[in-house]
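Spelled out as structure tokens, the structure:
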């Protein structure tokens, strides 16, 4: 839900008010989204560092019969079927190495206070220790280790409380997913008002 935006998706959603007893003065709204996504991933091979002869060697084992079929093909369909059976992918997997990509994850726990502790306090003291003489290095070394331990403990606490902070620091009471999807639509409070007016008109026309 948070990664999908737009009015088309909001129009395709169906919602209804749940008539369940809750401990708050708000009613829950159940939203159903008939939406499906498919993801495809393909490996990327390291072809710039050699391995072409090995690939051709693996490919030449099964190409003799396919070359005859390609020469004998008269239509596009026969030619497409013959070329689809060429084992390019299997030969590349045996000859080349696969590129590895590091996933860049968004760290929602790294805040400004940790950045200040790392740059202004820890790294500045580390540079000062490296530039100083041997007598001053012994003086700054316990302070540096204390700052390093303080930074590690602060980072661990920020990681532990990151999920709690994302849940409590929402801009709207219904959370960020609702705000991203139903941005240009009526908020749930107005929907509840409309439903109450509609019930009142049915009871007292």
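Numbering (the UniProt record's numbering), first residue to last: 1 to 205.
All C-beta atoms in this analysis are idealised placements derived from N, C-alpha and C, irrespective of residue type, glycine included.
**Message:** Looking at the secondary structure, which residues open and close the beta strand (DSSP E) in which residue 63 lies?
**Reply:** Unbroken run through residue 63: none, as it is neither H nor E.
**Asked** Using the C-alpha atoms, what's the distance from residue 18 back to residue 116?
**Response** 47 Å
**Message:** Nearest by alpha-carbon distance to residue 57: which of 158, 124, 95 is it?
**Reply:** 95
**Asked** Taking residue 126 as the reference, which of 148, 109, 16 has the closest Cα?
**Response** 148
**Request:** Check whether the segment 86-95 touches the segment 58-65, taking contact to mean three or more Cβ pairs, one atom from each stretch, closer than 8 Å.
**Result:** yes
**Asked** Relative to the C-alpha of residue 46, which residue among 134, 97, 74 is closest?
**Response** 97
**Message:** Going by the DSSP bridge assignment, what does residue 30 pair with across the sheet?
**Reply:** 16
**Message:** As a quick exercise: from 48, 141, 42, pick the residue whose alpha carbon is nearest that of residue 101.
**Reply:** 42
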